[in-house]
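If you read the sequence shown in our numbering, its first letter stands for residue 23, the second for the next number, and so on. C-beta: ideal position from N, C-alpha, C; glycine also. Contents: one structure, followed by commentary.
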Amino acid sequence: MRNQISWISFKSLRDRFFYSRFATGVTLVVGFLLCITMFYLFNWGVTQAVFNPDPEACYAASGACWGFVAEKWRLIIFGRYPYELQWRPAVAVFTIIAMLAVTACPRFWTRTGAKLLGIGWAAAFFVFFTLMQGGLFGLSRIDSDNWGGLPLTVILTLLGMTVSIPIGIILALGRRSRLAVIRNLSIGYIELVRGVPLITVLFVASFVVPLLFPTNVRIDPFWRVAGGIILFQAAYMAETVRGGLQTIARGQFLAADSLALSYYQKYLYVILPQALVAVIPAFVNSLLSTFMDTS
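Listed below in structure tokens is the structure:
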């Protein structure tokens, strides 16, 4: 059995990279260039690198200088969060990562498991914001202005994806609506937001939005930025979902209509499950893009 698996793996590699003389030549050339690149990267990043926070040694060396990582790793990971309280964001991030690991387990991909995951995620978010912000259970309060690094990136990414997907689905359905008002409003919002850089949205959320409210009304900067990311990402989620809807054969719509399903039942039970599965790779790309944008 093991020999058979090895033969299948070798055959798939041969069929993919060595199926002709030209493909074999390209594979060998690219492989050689990759080996050379990895050799120089290893030489620069490990062999000739300086790992101690010594400016003179870094200046004299021809490799990478990793000393600043050892010196500033707490600032990189936790931002300006108070030094003596950095165990709180560490536990908060661990809670979120633990829930992500639990969510990835197939045994929870059932109706009962979905309910348990919902309860678990609600508890995880409560623990995260309680630890990060404080003010409960005797924890000192820390303003969101002092949040940063990995905890802020993780929570903004999760909020941006989880909230923007439902909004994106509504916008995608609105863009396909037969009602001209709903369709035009959805198209206008999607095209307007997609034509604006994220940095502009964050600038408006951070500096312009406070000017629209009275001086005695203060919206936390974290929620302003989170709202900007959600509204921005929702436009891209709408186009992703619309692409998935276009892959559904017309026969699926006709089959749902033949069962006398309502508009909501048709999309909820027949169309959307297939469309969302079809665009999972695009969702992953959006997740990675959101993670990098929040940095």
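One Cα belongs to A256, the other to S308, and the distance between them is close to 10 angstroms. Contact annotation: the region 254 to 268 touches the region 296 to 315, with at least three C-beta pairs closer than 8 angstroms. A direct Cα-to-Cα measurement between S166 and I221 gives close to 19 angstroms.
Residue pairing by DSSP places V72 opposite C87 in a beta bridge. Counting only runs of 3 or more residues that sit fully inside the region 268 to 315, no beta strand (DSSP E) segment turns up. Nearest neighbour of A83 by Cα position, chosen from L138, Q70, G217, turns out to be Q70.
In the three-state reduction of the DSSP assignment, A257 falls in the helix class, which pools H, G and I. A282 and V226 have their C-alpha atoms spaced approximately 46 angstroms apart. According to the DSSP assignment, P188 belongs to the alpha helix (DSSP H) that extends over 171 to 197. Taking 8 angstroms as the cut-off, the beta carbon of V292 is found no closer than this to the beta carbon of F254. It is roughly 21 angstroms from the alpha-carbon of F130 to the alpha-carbon of F148.
With contact defined as three or more Cβ pairs closer than 8 angstroms, the region 56 to 72 and the region 40 to 48 are not in contact.
Where W143 is concerned, the enclosing alpha helix (DSSP H) starts and stops at 133 to 155.
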